[in-house]
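Here the structure is laid out as structure tokens; the discussion comes afterwards.
There are 2 protein chains.
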Amino acid sequence: MNLDPPLQLRVFDLNCWAIRYMSKLRQERIGLIGDMLSQEGFDLALLQEVWSERDYCELKQKLVACYPHSHYFKSGVIGSGLCVFSRYPILDTFLYQYSLNGYPYMLQHGDWFCGKAVGLLVMKIRGILFHVYVTHLHAEYCREKDAYLPHRVVQAWELAQFIQHTSKGADVVLLGGDLNMHPKDVGIRLLRGWTGLRDAFADTEHFEGCEDGCTLVPANCFTSKEELQPFPLGIRIDYILYKGLSHFVKCDNLVTTTGTAPGKSIPYSDHEAVIATLCVKRRGEAEGARIRTVEPELVDVVNEARTEVRVGLHAAERQRYSNGRMAILALLLLLLQALMGLSSLAGWDSQHPFPKFSFSLLALLATVVLLVSTALYIFHTIEVKMLQGTEEQMRLALQALQDQLGSM
Amino acid sequence: MNLDPPLQLRVFDLNCWAIRYMSKLRQERIGLIGDMLSQEGFDLALLQEVWSERDYCELKQKLVACYPHSHYFKSGVIGSGLCVFSRYPILDTFLYQYSLNGYPYMLQHGDWFCGKAVGLLVMKIRGILFHVYVTHLHAEYCREKDAYLPHRVVQAWELAQFIQHTSKGADVVLLGGDLNMHPKDVGIRLLRGWTGLRDAFADTEHFEGCEDGCTLVPANCFTSKEELQPFPLGIRIDYILYKGLSHFVKCDNLVTTTGTAPGKSIPYSDHEAVIATLCVKRRGEAEGARIRTVEPELVDVVNEARTEVRVGLHAAERQRYSNGRMAILALLLLLLQALMGLSSLAGWDSQHPFPKFSFSLLALLATVVLLVSTALYIFHTIEVKMLQGTEEQMRLALQALQDQLGSM
Chain A
1 MNLDPPLQLR
11 VFDLNCWAIR
21 YMSKLRQERI
31 GLIGDMLSQE
41 GFDLALLQEV
51 WSERDYCELK
61 QKLVACYPHS
71 HYFKSGVIGS
81 GLCVFSRYPI
91 LDTFLYQYSL
101 NGYPYMLQHG
111 DWFCGKAVGL
121 LVMKIRGILF
131 HVYVTHLHAE
141 YCREKDAYLP
151 HRVVQAWELA
161 QFIQHTSKGA
171 DVVLLGGDLN
181 MHPKDVGIRL
191 LRGWTGLRDA
201 FADTEHFEGC
211 EDGCTLVPAN
221 CFTSKEELQP
231 FPLGIRIDYI
241 LYKGLSHFVK
251 CDNLVTTTGT
261 APGKSIPYSD
271 HEAVIATLCV
281 KRRGEAEGAR
291 IRTVEPELVD
301 VVNEARTEVR
311 VGLHAAERQR
321 YSNGRMAILA
331 LLLLLLQALM
341 GLSSLAGWDS
351 QHPFPKFSFS
361 LLALLATVVL
371 LVSTALYIFH
381 TIEVKMLQGT
391 EEQMRLALQA
401 LQDQLGSM
Chain C
1 MNLDPPLQLR
11 VFDLNCWAIR
21 YMSKLRQERI
31 GLIGDMLSQE
41 GFDLALLQEV
51 WSERDYCELK
61 QKLVACYPHS
71 HYFKSGVIGS
81 GLCVFSRYPI
91 LDTFLYQYSL
101 NGYPYMLQHG
111 DWFCGKAVGL
121 LVMKIRGILF
131 HVYVTHLHAE
141 YCREKDAYLP
151 HRVVQAWELA
161 QFIQHTSKGA
171 DVVLLGGDLN
181 MHPKDVGIRL
191 LRGWTGLRDA
201 FADTEHFEGC
211 EDGCTLVPAN
221 CFTSKEELQP
231 FPLGIRIDYI
241 LYKGLSHFVK
251 CDNLVTTTGT
261 APGKSIPYSD
271 HEAVIATLCV
281 KRRGEAEGAR
291 IRTVEPELVD
301 VVNEARTEVR
311 VGLHAAERQR
321 YSNGRMAILA
331 LLLLLLQALM
341 GLSSLAGWDS
351 QHPFPKFSFS
361 LLALLATVVL
371 LVSTALYIFH
381 TIEVKMLQGT
391 EEQMRLALQA
401 LQDQLGSM
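Structural data, given as structure tokens:
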């Protein structure tokens with residue numbers, strides 16, 4: 001018999017696009033987000049891209065009455081951008097930084113500097129143990145030729161594994177964030193297939209908001225119309241996912257914002273917010289705990305992901321090789337110059353002043369090339385190791401999956 | 001009623017000291033280790049410092065009959081050095097890289113390049129779910145003035161948190177590795193207090209081996225006698241720790257090797273191996289699951305660890321500041337030189353050849369300093385973020401601890 005009334009939980013998720021000096025109208029928008037969160041009084045607000053801790057502190061101060069508990073996950077050079085505001089106490093937190101996250105020399109993209117990660121918060125709400133995850137995966141800058149796809153697949157795999165390994169004791173698992181993947185992308189299928197998480201948009205009873213649940217829409221004045229050209233309705237890359245373990249969870253209602261904030265001329269962010277009303281109730285004894293069966297399609301999904309990782313591995317090996325070669329060439333040039341310098345020390349005052357200058361300039365160039373290529377060689381070696389490690393983990397997972405399917 | 005006979009598990013742990021080109025008699029010792037593992041037929045062998053994958057493959061080939069299952073954890077530039085050989089199937093693996101692990105410019109120590117991590121293996125042995133962890137923490141190079149203590153404390157905290165968050169579904173938790181901490185060090189007390197792991201050496205019924213269970217002993221011909229001078233018996237830094245959740249675990253027997261390998265003139269490694277015989281049995285229904293009570297001393301331990309993290313934070317902030325200043329100075333010098341160069345372009349053929357050469361040399365130096373200090377500034381900024389994040393996590397943990405103690 002189940003006497004507990006179901007728990008209604010309102011969860012808010014938004015990529016806030018709050019990069020200091022770069023995001024348009026940042027302060028106004030942070031103000032608007034704070035006002036809205038304060039008015040709406042959600043149970044839980046999961047935010048991404050709050051890069052400046054000052055913005056977080058401003059929000060915290062404004063929201064302390066309505067959301068007395070909050071946490072900012074620090075990582076990378078400028079912070080992970082992940083933070084959470086909650087009506088309920090946060091009992092514990094844990095951060096997992098993705099092992100691969102773009103390249104430090106891609107300054108125009110800058111993902112590497114953010115230390116992309118997944119944050120875990122442990123909370124008890126009316127006696128129910130929630131494991132809440134908030135994350136932000138590597139951005140997709142060019143869908144046709146996505147150089148970051150292997151890194152994003154590794155991140156999706158690590159996210160799935162992190163959730164699987166850390167959620168065993170939970171009653172309910174909740175994940176919110178900007179996954180930078182379309183609903184049918186291999187990373188999402190891998191994440192959902194591996195963890196059994198359900199998509200609030202696909203499961204909801206009532207939906208209101210942008211068509212197809214899109215969260216990056218052309219109607220938003222901050223989005224790039226050019227990038228969204230192949231997708232006239234926009235794309236859905238921000239998600240609220242969940243699963244119940246000892247409890248049963250369903251999404252009663254899902255809402256996205258649609259461009260401008262109510263009564264204002266600007267939107268909250270370049271992304272639309274996702275707001276889910278979840279209904280959580282204890283499983284009746286007759287229902288028992290849901291035993292997850294392995295879907296045979298999952299084997300194909302893991303294989304597909306593994307292929308992407310292998311593609312990334314070949315690219316990383318090529319990069320490592322060309323950086324290593326460059327470092328060796330620069331070193332040889334420097335040695336040659338040192339030899340020439342030493343041999344001509346006696347007759348240094350040559351008649352041609354230009355060679356001396358170009359000689360020094362060449363030495364300067366060779367030194368810079370040597371330093372930079374050595375650093376990049378080390379970086380790509382780490383990348384190779386991590387891709388090999390992930391590939392091996394996936395191989396093991398496939399084996400375990402096939403054993404499970406064989407014994408069914 | 002408990003009809004299952006208890007499970008006896010023989011676990012082997014060794015830091016193999018197998019660094020290519022650097023460790024003495026590496027190949028002979030790897031051969032010896034392989035022979036011994038093969039003869040002894042342990043259930044589980046947890047190895048550290050197997051840096052070369054070639055050595056791992058050699059061991060794997062030799063041991064395949066006796067240990068059909070094995071895993072090598074890849075990370076860092078030269079691999080994590082962590083590997084496991086097992087008689088029982090490995091169902092899943094997961095790797096957590098510590099967020100801090102020394103400095104890349106400390107080439108003589110080299111820990112940064114190893115990507116120190118903790119590896120998790122999920123195994124089912126006679127129906128009992130084991131979560132086996134293998135790890136290796138940052139080395140201690142100078143106990144009196146240990147610059148790496150804050151990093152090691154962060155690693156111990158992350159290890160404790162990783163074990164706590166990933167072991168909820170396990171029946172038995174097992175951790176083996178070189179923790180580079182003496183038994184009374186703050187990191188060990190934090191790890192044991194936070195996770196409830198028990199020390200095989202402290203709990204065993206029979207012990208045989210080096211006095212006080214030491215694993216780095218002066219009798220070993222590869223250890224540095226000078227470093228061990230303050231500890232005539234040696235030090236104990238390699239551990240097998242365990243806890244039973246649904247099962248009861250005790251250590252029946254613990255053995256360490258003592259210097260040279262039997263019948264040989266050399267030891268297996270510069271560390272002594274630790275071999276535990278564990279007895280695992282299902283808790284009787286009357287016994288129930290052991291409910292862990294929080295020890296009030298744990299508050300002091302977390303506070304002590306937090307102080308160490310704060311000390312590290314101050315040092316990291318100082319380093320970041322001085323590297324930032326250095327980068328700005330180098331940039332100013334380069335700008336000044338560019339200005340001088342431009343202004344004297346017309347009258348370049350000055351009468352003094354030396355200034356031109358030193359001018360170029362100075363530009364070279366400034367460029368190198370600018371590149372290196374910028375990279376270090378970024379590195380120390382990440383370090384500051386991670387130390388701040390850990391300090392905040394510890395603050396939250398303390399609060400939760402105090403709430404728990406208050407409600408007891």
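Heads up: the sequence lines are chains A and C, in that order. Numbered by UniProt numbering, the letters in the first sequence go through residues 1 to 408 in order. Numbered by UniProt numbering, the letters in the second sequence go through residues 1 to 408 in order. Glycine residues also receive a C-beta, built at the ideal position from the N, C-alpha and C atoms.
Option nearest residue i by Cα separation, candidates the options
| i | options | result |
| --- | --- | --- |
| Val-280(C) | Leu-174(C), His-380(C), Gly-324(C), Gln-402(C) | Leu-174(C) |
| Cys-114(C) | Glu-53(C), Ser-38(C), Tyr-268(C) | Glu-53(C) |
| Leu-37(A) | Met-22(A), Lys-24(A), Met-326(A), Arg-10(A) | Arg-10(A) |
| Phe-94(A) | Arg-198(C), Leu-245(C), Leu-396(C) | Leu-396(C) |
| Val-294(A) | Ala-219(A), Gln-402(A), Ala-273(A) | Gln-402(A) |
| Thr-381(A) | Tyr-321(A), Ser-407(A), Ala-330(A), Gly-341(A) | Tyr-321(A) |
| Val-249(A) | Gly-196(A), Lys-264(A), Gly-263(A) | Gly-196(A) |
| Arg-306(A) | Gly-209(A), His-165(A), Glu-158(A), Lys-124(A) | Glu-158(A) |
| Ser-265(C) | Arg-29(C), Leu-228(C), Met-22(C), Phe-85(C) | Arg-29(C) |
| Met-22(A) | His-109(A), Phe-357(A), Lys-60(A), Ala-315(A) | His-109(A) |
| Thr-258(A) | Glu-297(A), Pro-218(A), Gln-404(A) | Pro-218(A) |
| Phe-379(C) | Asn-323(C), Arg-282(C), Val-369(C) | Asn-323(C) |
| Ile-275(C) | Leu-216(C), Asp-13(C), Val-372(C), Leu-370(C) | Asp-13(C) |
| Gly-312(C) | Ser-358(C), Glu-383(C), Ser-269(C) | Glu-383(C) |
| Leu-333(A) | Val-309(A), Leu-361(A), Ser-344(A) | Leu-361(A) |
| Ala-170(C) | Glu-226(C), Ile-125(C), Tyr-141(C), Asp-203(C) | Ile-125(C) |
| Arg-152(A) | Asp-4(A), Met-386(A), Trp-51(A) | Met-386(A) |
Simplified DSSP assignment, three categories, for residue i
| i | result |
| --- | --- |
| Met-340(A) | helix |
| residue 434(C) | Any question about residue 434(C) goes unanswered here, given that chain C covers just 1 to 408. |
| Gly-284(A) | coil |
| Ala-275(C) | This sequence places Ile at residue 275(C); Ala is not what is there. Reduced to three states, the DSSP call for Ile-275(C) is strand. |
| Glu-140(C) | coil |
| Ile-235(A) | strand |
| Arg-198(C) | strand |
| Gln-108(A) | coil |
| Asn-253(A) | strand |
| Ala-366(A) | helix |
| Pro-267(C) | strand |
Cβ-heavy atom distance, residue i to the ligand SAH, below 7 angstroms
| i | result |
| --- | --- |
| Leu-245(C) | In terms of ligand content, the structure shown is empty, and the ligand SAH therefore cannot be addressed. |
8 angstroms Cβ cutoff, residue i in contact with chain A
| i | result |
| --- | --- |
| Phe-357(C) | yes |
| residue 443(C) | In the structure displayed, chain C extends from 1 to 408; residue 443(C) sits before or after that span and is not available. |
| Thr-381(C) | yes |
| Thr-195(C) | no |
| Gln-161(C) | yes |
| Gly-169(C) | yes |
| Leu-137(C) | no |
| Leu-361(C) | yes |
Chain C contact for residue i (CB, 8 angstroms cutoff)
| i | result |
| --- | --- |
| Ile-275(A) | no |
| Gly-115(A) | yes |
| Leu-44(A) | no |
| Ala-156(A) | no |
| Thr-293(A) | no |
| Leu-120(A) | yes |
| His-352(A) | Its pLDDT being 49, under 50, His-352(A) is placed unreliably by the model, and the measurement read from it follows with that caveat. Chain C contact via Cβ: absent. |
| Met-1(A) | Reliability of the predicted coordinates at Met-1(A) is poor, the pLDDT of 46 falling under 50, and the value obtained from them is presented with this limitation in mind. Not closer than 8 angstroms to any Cβ of chain C, the Cβ of Met-1(A) fails to qualify, so no. |
Counterpart residues of residue i in DSSP-defined beta bridges
| i | result |
| --- | --- |
| Ile-90(C) | Met-123(C) |
| Tyr-96(A) | Val-118(A) |
| Gly-244(A) | Val-172(A) |
| His-131(C) | Val-122(C), Val-173(C) |
Per-residue contacts from residue i into chain D (C-beta, under 7 angstroms)
| i | result |
| --- | --- |
| Thr-166(C) | Here the protein chains are A and C, and chain D is not one of them. |
Members of the stretch 89 to 106 of chain C near chain A, C-beta cut-off 9 angstroms: Taking 9 angstroms as the Cβ-Cβ cut-off against chain A, the residues of the stretch 89 to 106 of chain C that qualify are Pro-89, Ile-90, Leu-91, Asp-92, Thr-93, Phe-94, Leu-95, Tyr-96, Gln-97, Ser-99, Pro-104.
Positions along the stretch 64 to 92 of chain A whose CB lies within less than 9 angstroms of some CB in chain C: The stretch 64 to 92 of chain A vs chain C, Cβ under 9 angstroms: His-71, Tyr-72, Phe-73, Lys-74, Ser-75, Gly-76, Val-77, Ile-78, Gly-79, Ser-80, Pro-89, Ile-90, Leu-91, Asp-92.
Residues of the stretch 375 to 399 of chain A with Cβ closer than 8 angstroms to any Cβ of chain C, in chain order: Going along the stretch 375 to 399 of chain A in chain order, one finds Ala-375, Ile-378, Thr-381, Ile-382, Lys-385, Met-386, Gln-388, Gly-389, Glu-392, Gln-393, Leu-396, Ala-397 with a Cβ nearer than 8 angstroms to chain C.
Contact set between the stretch 255 to 271 of chain C and chain A, restricted to residues whose Cβ is under 8 angstroms from the partner: For the stretch 255 to 271 of chain C, there are no residues whose beta carbon sits under 8 angstroms from a beta carbon of chain A.
Residues within the stretch 363 to 375 of chain C neighbouring chain A, beta-carbon criterion of under 8 angstroms: Residues passing the 8 angstroms Cβ filter: Ala-363, Leu-364, Thr-367, Val-368, Leu-371, Val-372, Ala-375.
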